[in-house]
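In the UniProt record's numbering, the protein residues as written are 1 to 126. Cβ coordinates follow ideal geometry from the N, Cα and C atoms, glycine included. These figures come from a predicted structure and were not determined experimentally.
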Ligand SMILES: Nc1ncnc2c1ncn2[C@@H]1O[C@H](COP(=O)(O)OP(=O)(O)OP(=O)(O)O)[C@@H](O)[C@H]1O
Ligand SMILES: [Mg+2]
């Protein structure tokens, strides 16, 4: 689904995702999944916003039970991705992707064919 790039969309994506995971009867931790979704959606809004564009959230369930979370934004670059796995002591920011990894999410990203990029997190169900 597409969402406007405003912080109010974070709560909306949380609600929609929780409902979707309940409908699927997903075996994993839906609250952790939703926390991961919030971090990715917040990042798209904070770091990937462009006037006139929206963000997209796509959820896919794999046969192995893992959940694939994809958040797309209109900015093709991801500066600092390689440093984002290093804990930075005492810093207030730069925690979102660390939290995602600590919860067990595996993060990748790729440029989209025409505009922007997709950040993908694969989150196992156990
Ligand atoms: N969608 C994105 N587009 C471009 N850069 C991004 C995106 N998501 C993250 N980044 C970059 O990666 C860095 C690390 O992201 P992370 O979520 O860990 O920290 P943060 O968003 O800066 O702070 P926090 O999430 O703790 O409030 C960001 O500071 C930003 O530079
Ligand atoms: Mg963040």
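Using a Cβ-based criterion (distance less than 6 Å to any ligand heavy atom), does residue 42 qualify as near ligand 2? yes
Counting C-beta neighbours from all protein chains within 10 Å, is the total for residue 85 16 or more, i.e. buried, or is it exposed? exposed
So for residue 71, helix, strand or coil by DSSP? Secondary structure of residue 71 (DSSP, three-state): strand.
Could you give the DSSP three-state label for residue 39: helix, strand or coil? helix
Hey, quick one: how far does the alpha helix (DSSP H) through residue 24 stretch, first residue to last? From DSSP, the alpha helix (DSSP H) with residue 24 extends over 8-24.
What three-state label does DSSP hand residue 98 in the structure shown? If DSSP states are grouped into helix, strand and coil, residue 98 belongs with the helices.
Check whether the Cβ of residue 73 sits closer than 6 Å to any heavy atom of ligand 1, and report yes or no. yes
Where do the N-terminal and C-terminal ends of the beta strand (DSSP E) with residue 111 fall, by residue? 106-111
If we count Cβ pairs, one from each stretch, closer than 8 Å, do we get three or more for the segment 94-113 versus the segment 29-40? yes
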